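S.K.: At position 4 of the sequence shown the residue is numbered 27 (the numbering used here), and the sequence of numbers has no breaks. Even for Gly, the Cβ is constructed at its ideal location relative to N, Cα and C. Predicted, not measured: the structure shown is a model, and the values here were computed from it. One structure coming up, written as structure tokens, with questions to follow.
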Amino acid sequence: MSIDQPLVINGWSIFAHPLFLEQFEELVTQVEELHHKFPQDYKRKNATKRLAAIAKLAFDTIPQDPTRSEYRLGTTLGDDYKHWFRAKFFQQYRLFFRYHQESKIILLAWVNDENSKRAYESSTDAYRVFRKMLETGYPPDDWHDLLKEAKSTISCLREAAETEI
């Protein structure tokens, strides 16, 4: 498979916005440091568990069926953003994504971190932070612009998907 070809899982082409990949790669670095410092216990650390959960969601669970009703946001981000979806994990974490049914594309956009855990009505709540990001245009809300930005990360996403945790 060409390095310019998207990752395909369960018939879905997977793309990731640079925001998602930055966070994923940052977690990989943290886990590598933990592995070096605590070779026996690093798998019990929060960063390792989060990385494993994100990888499972991104490269296994979501591509099984991104249309699941549990991923729907309703108006949580506001009426203008009903086309965004999220997968929940570890109570306070959310992985935001979009999909395009006709072209069988899933686009991973952003996952919150320690500084933006889910906390109702908090200024750092994951939904509030992501809505502000959309309002400023990064990541873009327009599907074509979002996909264009994500296509620049194809080879990095492939590496991320192959990361051993």
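With DSSP as the reference, identify every bridge partner of Lys111, one or two as the case may be.
M.R.: Answer is Arg117, bridged to Lys111.
S.K.: Tell me which residues share the same chain as Lys174 and place their Cβ nearer than 7 Å to its Cβ, disregarding the 5 neighbours each side in the sequence.
M.R.: Excluding sequence neighbours, Lys174 sits near Phe38.
S.K.: Determine the extent of the alpha helix (DSSP H) in which Ala78 is found, giving its start and end residues.
M.R.: Asn69 to Lys79 is the extent of the alpha helix (DSSP H) around Ala78.
S.K.: Around the C-beta of Val54, are 16 or more other C-beta atoms found within 10 angstroms, so that it is buried, or is it exposed?
M.R.: Per the 10 Å Cβ criterion, buried.
S.K.: For Ser139, which residues from the same chain have a beta carbon less than 6 Å from its beta carbon, with the 5 sequence-adjacent residues on both sides left out?
M.R.: These residues qualify, in order along the chain: Thr147, Ala149 and Val152.
S.K.: Which residues does DSSP list as the beta-bridge partners of Val31?
M.R.: In DSSP, Val31 forms a bridge with Ser36.
S.K.: By the DSSP assignment, the alpha helix (DSSP H) with Leu96 in it spans what residues?
M.R.: Counting along the chain, Leu96 falls outside any alpha helix (DSSP H), and DSSP gives it neither H nor E.
S.K.: Within the same chain, show all residues whose beta-carbon is closer than 6 Å to that of Leu118, passing over the 5 residues directly before and after it, in chain order.
M.R.: Excluding positions up to five away in sequence, the list reads Leu80, Ala110 and Val134.
S.K.: From Glu172 to Asp136, what distance separates their C-alpha atoms?
M.R.: Roughly 22 Å between the two C-alpha positions.
S.K.: With distances taken Cα to Cα, identify the nearest neighbour of Glu45 among Pro162, Trp166, Glu187 and Ile188.
M.R.: The residue with the shortest Cα to Cα distance from Glu45 is Pro162.
S.K.: Compute the Euclidean distance between the alpha carbons of Glu93 and Asn33, then round it to the nearest angstrom.
M.R.: Straight-line Cα distance between these residues: approximately 19 Å.
S.K.: Please classify Pro29 as buried or exposed, where buried requires at least 16 other C-beta atoms within 10 Å of its C-beta.
M.R.: Counting Cβ neighbours within 10 Å, Pro29 comes out buried, since at least 16 surround it.
S.K.: Which residues in the same chain as Pro86 place their Cβ atom closer than 7 Å to its Cβ, once the five residues preceding and following it in sequence are excluded?
M.R.: Cβ within range, chain order: Ile32, Asn33, Trp35, Ile37 and Ile129.
S.K.: For Asp164, which residues of its own chain have a beta-carbon under 6 Å away from its beta-carbon, when the five flanking residues on both sides are left out?
M.R.: Closer than 6 Å at Cβ, skipping near neighbours: Leu157.
S.K.: Please list the terminal residues of the continuous alpha helix (DSSP H) segment that includes Ile177.
M.R.: Looking at the DSSP string, the run of the alpha helix (DSSP H) that includes Ile177 is Ile177 to Ala184.
S.K.: Going by other Cβ atoms of all chains shown within 10 Å of its Cβ, with 16 needed for buried, is Thr71 buried or exposed?
M.R.: Classification for Thr71: buried.
S.K.: What's the call for His40, buried or exposed, on a 16-neighbour Cβ count within 10 Å?
M.R.: Buried.
S.K.: So who's on the other strand from Trp166, going by DSSP bridges?
M.R.: Looking at the DSSP assignment, Trp166 forms no beta bridge with any residue, so it has no partner.
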